[in-house]
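Novice:
Residue numbers (this note's numbering): 5 to 112.
1. Alpha carbon to alpha carbon, how far is residue 79 from residue 98? Give it in angstroms, no decimals.
2. From the DSSP output, which residues share a beta bridge with residue 10?
3. Check for me: the alpha helix (DSSP H) holding residue 68 runs from which residue to which?
4. Assuming the contact rule is C-beta atoms closer than 8 Å, residue 15 and residue 101 should be a hit. Round their C-beta distance to whole Å, please.
5. For residue 22, count neighbouring C-beta atoms within 10 Å of its own C-beta (all shown protein chains included) and say buried if the count is 16 or more, exposed if not.
6. Going by beta carbon distance, what residues of the same chain come within less than 6 Å of residue 59, once the five residues before and after it are set aside?
7. State the Cα-Cα distance for the pair residue 108 and residue 61, rounded to the nearest angstrom.
8. Among residues of its own chain, excluding the 5 on either side of residue 17, which ones have a beta-carbon nearer than 7 Å to its beta-carbon?
9. Name the DSSP bridge partner or partners of residue 95?
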């Protein structure tokens, strides 16, 4: 098992729009494509309170590439993303890293 950590830095004031998009659209589409989120977090104290950090569980990098490509090309996702950005861009940048649990990690 590997975990992908993704941090979305929002345009100032646009975090609520991103959270709404995840809650009402993205998660349903992820379920359709078999993408397994582990947790979602906003920043209480840190560099920016305009960030959404989340983790996704993957069996392998190959699974990630296949499922993520299908999700990103899904016409429902493309339409939903465009609709959510009618009032302007939401995300300024995204960082991602892939993590492997240690032998003593609670998540394996």
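No residue lacks a Cβ here, since even glycine has one placed at the ideal position from N, Cα and C.
Just so we're clear, the structure is a prediction, and the values are computed from it rather than from any experiment.
Specialist: The short version:
1. Locating residue 98 in the chain shown gives position 94, counting from the first residue. Locating residue 79 in the chain shown gives position 75, counting from the first residue. Roughly 22 Å between the two C-alpha positions.
2. In the chain shown, counting from the first residue as 1, residue 10 sits at position 6. DSSP output for residue 10 lists 58, 100 as bridge partner(s).
3. Numbered from its first residue, the chain shown carries residue 68 at position 64. Segment 65-76, the alpha helix (DSSP H) holding residue 68.
4. Position 11 of the chain shown, counted from the start, is the residue given in the question as residue 15. Position 97 of the chain shown, counted from the start, is the residue given in the question as residue 101. Not quite, the Cβ-Cβ distance comes to about 22 Å (not below 8 Å), so this is no contact.
5. Position 18 of the chain shown holds residue 22. Result: buried.
6. As a position in the chain shown, residue 59 is number 55, starting the count at 1. Closer than 6 Å at Cβ, skipping near neighbours: 7, 9, 42, 43.
7. The sequence position of residue 108 within the chain shown is 104, counting from 1. The sequence position of residue 61 within the chain shown is 57, counting from 1. Their Cα atoms are separated by approximately 17 Å.
8. Counting from one through the chain shown, the residue named residue 17 turns up at place 13. Contacts found: none.
9. Within the chain shown, the letter at position 91 stands for residue 95. Bridge partners of residue 95: 14.
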